[in-house]
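**Student:** In our numbering, the protein residues as written are 404 to 783.
I'd like to ask you about the structure that follows.
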Ligand code: GLA
């Protein structure tokens, strides 16, 4: 989070920003108390904030070209949720945690493609939270703030999301990936090696989490745990079930729950292996883990879509790409390629040319650069 102070006569305007995130591997494992390996994205949500002396929060979204306002003492979320719900949620949850919030005029703009698996929502939540804390001169520890924002999204936007996105945006470190244990909330960091290029490509298919199948996947995982618990009471989350046991209980689980569970437990193993591959700077091994992750998300977790599968094939056919997978919740959004840094430009040109034929327009492609961590404060 970067805070820039702009003084205009006697009015103090503050600008706050929070990055997006890409998850290198560990997809749909966070709400199963598993491990994830995200890194921050060098694209940001920016919030310009002025304090008001009443209880009104007025927010202008530059991306949507809309202005909404509400009283902090009377929050009535929209149903179905819209972008303002995320902001109402952050305000309500900060207050729920006894953090005093005053009225504010906020202008929000974001470079992060929305609904593309890059955590535009968590970035918005954290940028807003920092703006409200900043103008009120309040402080909350990064990890706590991530939880507050997760609750905001769950309760006010109706998404039963895990903690990965908010935690990564709040606690990420520049140029590093974070291995986060979503049960203990312990994290370890590893440098992104210089020979590794992380190429993010938008499939052009947008997802809408509340309307999508995300919540049904969280329900299915819970149902699998419940069935396993009947025989193995020590299993509190899918994270606790060894793959052998899941194979053994295949008939009891039925094909859908069996496949969901198999994805989760094998993905957790791949995530740990990917962290170790990064430590060894073994980007070929990382690439093969990424490819296995995509196959599992497509076949077992059933959250890919034909456009993403085609994009993955196109990217993987480029020389210097070691593996590609869908990232984020799925059902569209972006793919991530693990590539040899020295040939990045050639790869990007080739993907652009070949995927343009599928999309019938130029795809959005972004090569990741180290992103400013969310908790760093600077006065410019
Ligand atoms: C969304 C959620 C995360 C996580 C991913 C899938 O981004 O917000 O908590 O579950 O999907 O890995």
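All C-beta atoms, glycine included, are put in the ideal place defined by N, C-alpha and C.
Quantities reported herein were computed from a predicted structural model and do not represent experimental measurements.
Taking the alpha-carbon of residue 653 as reference, which of 566, 630, 542 has the nearest alpha-carbon?
**Tutor:** In the chain shown, residue 653 corresponds to position 250, counting from 1. For residue 653, the nearest C-alpha among the options comes from 630.
**Student:** Does the beta carbon of residue 522 fall short of 7 Å from some heavy atom of the ligand GLA?
**Tutor:** As a position in the chain shown, residue 522 is number 119, starting the count at 1. It does: the Cβ of residue 522 is within 7 Å (strictly closer) of some heavy atom of the ligand GLA.
**Student:** Can you tell me where the alpha helix (DSSP H) holding residue 682 begins and where it ends?
**Tutor:** For the purposes of this step, residue 682 is identified with residue 279 of the chain shown, where counting begins at 1. Run containing residue 682: 653 to 682, per the alpha helix (DSSP H) assignment.
**Student:** Whole angstroms is fine: what's the gap from residue 576's alpha carbon to residue 442's?
**Tutor:** Indexing the chain shown from 1 puts residue 576 at position 173. Indexing the chain shown from 1 puts residue 442 at position 39. Their backbone Cα atoms lie some 8 Å apart in a straight line.
**Student:** Is residue 732 a contact residue of the ligand GLA, with contact defined as CB to any heavy atom under 7 Å?
**Tutor:** As a first step, residue 732 must be located in the chain shown, where it is residue number 329. Yes, Cβ of residue 732 sits closer than 7 Å to a heavy atom of the ligand GLA.
**Student:** Cα-Cα, which of 732, 749, 753 is closest to residue 520?
**Tutor:** By 1-based counting over the chain shown, the position of residue 520 is 117. Minimum Cα distance to residue 520 is reached at 732.
**Student:** Look up residue 616 in the DSSP assignment and say whether it is helix, strand or coil.
**Tutor:** As a position in the chain shown, residue 616 is number 213, starting the count at 1. In this structure, residue 616 counts as coil in the three-state DSSP scheme.
**Student:** Are there three or more Cβ pairs, one per stretch, closer than 8 Å when the stretch 422 to 435 is compared with the stretch 454 to 462?
**Tutor:** Not touching, per the Cβ criterion.
**Student:** For residue 584, write down the residues that DSSP places opposite it in a beta bridge.
**Tutor:** Translated into positions along the chain shown, residue 584 becomes position 181. Paired residue(s): 438.
**Student:** Can you tell me where the beta strand (DSSP E) holding residue 720 begins and where it ends?
**Tutor:** Taking the first residue of the chain shown as 1, we reach residue 720 at position 317. Careful: residue 720 lies outside any beta strand (DSSP E) and carries neither H nor E.
**Student:** Could you give the residue range of the beta strand (DSSP E) that holds residue 726?
**Tutor:** Within the chain shown, the letter at position 323 stands for residue 726. Start and end: 724 to 729.
**Student:** According to DSSP, is residue 603 helix, strand or coil?
**Tutor:** The residue you call residue 603 lines up with position 200 of the chain shown. Correct three-state label for residue 603: strand.
**Student:** What is the rounded straight-line gap between the Cα of residue 680 and the Cα of residue 688?
**Tutor:** Within the chain shown, the letter at position 277 stands for residue 680. Within the chain shown, the letter at position 285 stands for residue 688. The alpha-carbon atoms of residue 680 and residue 688 are separated by roughly 6 Å.
**Student:** Could you tell me if the beta carbon of residue 567 falls within a distance shorter than 7 Å of some heavy atom in the ligand GLA?
**Tutor:** Here residue 567 refers to the residue found at position 164 of the chain shown. The answer is yes for residue 567.
**Student:** On the premise that residue 746 lies in contact with residue 727, defined as a C-beta separation below 8 Å, what is that separation, rounded to the nearest angstrom?
**Tutor:** As a working mapping, residue 727 is identified with position 324 in the chain shown. As a working mapping, residue 746 is identified with position 343 in the chain shown. Their Cβ separation, rounded to whole angstroms, is 15 Å, which puts residue 727 and residue 746 out of contact at 8 Å.
**Student:** Considering only heavy atoms of the ligand MN, does any lie closer than 7 Å to the CB of residue 489?
**Tutor:** The ligand MN is absent from the structure shown, which contains only the ligand GLA.
**Student:** Is any non-hydrogen atom of the ligand GLA found closer than 7 Å to the C-beta of residue 426, if you look at the structure I gave you?
**Tutor:** By one-based count along the chain shown, residue 426 stands at place 23. Yes, Cβ of residue 426 sits closer than 7 Å to a heavy atom of the ligand GLA.
**Student:** For my contact list, residue 463 and residue 510 are in at a C-beta cut-off of 8 Å; report their separation, rounded to the angstrom.
**Tutor:** For the purposes of this step, residue 463 is identified with residue 60 of the chain shown, where counting begins at 1. For the purposes of this step, residue 510 is identified with residue 107 of the chain shown, where counting begins at 1. Confirmed, Cβ separation roughly 5 Å.
**Student:** Using C-beta distances below 6 Å, list every residue in its chain close to residue 502, excluding the 5 sequence neighbours before and after it, in chain order.
**Tutor:** Position 99 of the chain shown, counted from the first residue, corresponds to residue 502. Once the five neighbours on either side are set aside, the close Cβ partners of residue 502 are 541.
**Student:** How close, in whole Å, do the beta carbons of residue 559 and residue 618 come, if the pair is a contact with beta carbons under 8 Å?
**Tutor:** For the purposes of this step, residue 559 is taken as residue 156 along the chain shown, with counting starting at 1. For the purposes of this step, residue 618 is taken as residue 215 along the chain shown, with counting starting at 1. Not quite, the Cβ-Cβ distance comes to about 15 Å (not below 8 Å), so this is no contact.
**Student:** What does the Cβ neighbour count give for residue 467, buried or exposed, with the cut at 16 atoms within 10 Å?
**Tutor:** For the purposes of this step, residue 467 is taken as residue 64 along the chain shown, with counting starting at 1. Flag for residue 467 reads exposed.
**Student:** Residue 490 lies in the alpha helix (DSSP H); which residues open and close that run?
**Tutor:** Taking the first residue of the chain shown as position 1, residue 490 is located at position 87. 486 to 499 is the span of the alpha helix (DSSP H), which, as asked, contains residue 490.
**Student:** Less than 7 Å separating the Cβ of residue 703 from some heavy atom of the ligand GLA?
**Tutor:** Your numbering for residue 703 matches position 300 in the chain shown. Incorrect: residue 703 has no Cβ contact closer than 7 Å to the ligand GLA.
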